[in-house]
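Colleague:
Encoded structure:
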């Protein structure tokens, strides 16, 4: 726990956490405004026009979407925090001191993984409380009720928490793979933002080429898509079941943690 507290102290004493927190808040505001508009249109009788069907066209489905607003960019920001927890050691040249103080490198990485998960939980808690307050007011005023007793909403919130925890762990794994801070941040951001769109376009093109919508389900192998699938709860011709997204993300988290430990144990620290 002393190691975990020290990792949290390292983040708290830099500007990174509140800058990324501010970015997460701004993205939440924009996403909430869009999701509220979308829900108003879908629940107002325009579901087919806006492409909503199945669970997504229900009040509970739209409530779940509203209460998890800002997830896409929020996960990017917590991933960057995980990256900074590792790369800051090399950027500020504190890695030598850290590993001399705690020669067991596995313990250091495990502490970073635990601290990263706690930070992911903190980001999830703050954004969820904001979404719950604003979302309950919007849904009540719109005449649908808060929907807080629905399992669809509970499931979305719980798996959103899992997504935030896993993406901070993935950030730690990326930081161990690419110790250069600027390189790690740029690579991760480009893969997340641009890579996700490229993967979706590739699967769309492959689906059209093979004339099979079932191909689209395989885009869940990309972690950003898996996060969206996990909280959507909807199974369709183009989306697998929510638990598939959960398994994919858990697999990435386990692989990231193991790789991070193995690389750090073997790396020369100058």
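In the working numbering, the protein residues as written are 102 to 371.
Backbone N, C-alpha and C define an ideal beta-carbon position, used for all residues, glycine too.
Predicted model, so just to flag it, every value in this text is computed and none were measured.
Hey, residue 347 and residue 260: beta-carbon distance below 8 Å or not?
Modeller: Start at 1 with the first residue of the chain shown, and residue 347 comes out as number 246. Start at 1 with the first residue of the chain shown, and residue 260 comes out as number 159. A contact, by the Cβ cut-off of 8 Å.
Colleague: Run through DSSP, which three-state label would residue 169 get?
Modeller: If you number the chain shown from 1, residue 169 lands on position 68. Coil.
Colleague: Return helix, strand or coil for residue 316, following the three-state DSSP convention.
Modeller: Translated into the one-based positions of the chain shown, residue 316 becomes position 215. Helix.
Colleague: Report the three-state DSSP secondary structure of residue 372 (helix, strand or coil).
Modeller: Since the first residue of the chain shown is 102 and the last is 371, residue 372 is not available in this structure.
Colleague: Identify whether residue 127 lies in helix, strand or coil by the three-state DSSP scheme.
Modeller: Within the chain shown, numbered from 1, the residue matching residue 127 stands at position 26. Helix at residue 127.
Colleague: Going straight from the alpha carbon of residue 294 to that of residue 312, what length do you get?
Modeller: Mapped onto the chain shown, residue 294 falls at position 193. Mapped onto the chain shown, residue 312 falls at position 211. So the two alpha carbons sit approximately 27 Å from each other.
Colleague: Residue 330 to residue 343, Cα distance in whole Å?
Modeller: Walking along the chain shown from the start, residue 330 turns up at place 229. Walking along the chain shown from the start, residue 343 turns up at place 242. Taking the straight line from one Cα to the other gives about 5 Å.
Colleague: From 315, 310, 214 and 149, pick the residue whose C-alpha is nearest to that of residue 359; which is it?
Modeller: For this step, residue 359 is matched to residue 258 along the chain shown. It is 214.
Colleague: For residue 351, does the three-state DSSP call read helix, strand or coil?
Modeller: If you number the chain shown from 1, residue 351 lands on position 250. Residue 351 falls in the helix class under three-state DSSP.
Colleague: Could you check where the alpha helix (DSSP H) with residue 108 kicks off and where it finishes?
Modeller: Here residue 108 refers to the residue found at position 7 of the chain shown. It spans 103 to 113 - the alpha helix (DSSP H) in which residue 108 sits, taken as one unbroken run.
Colleague: Can you give the Cα-Cα distance for residue 199 and residue 122, rounded to whole angstroms?
Modeller: Residue 199 sits at position 98 when you count from the first residue of the chain shown. Residue 122 sits at position 21 when you count from the first residue of the chain shown. Taking the straight line joining both Cα atoms gives about 26 Å.
Colleague: According to DSSP, simplified to helix, strand and coil, what is residue 280?
Modeller: Against the chain shown, residue 280 aligns to sequence position 179. Three-state DSSP puts residue 280 in coil, outside helix and strand.
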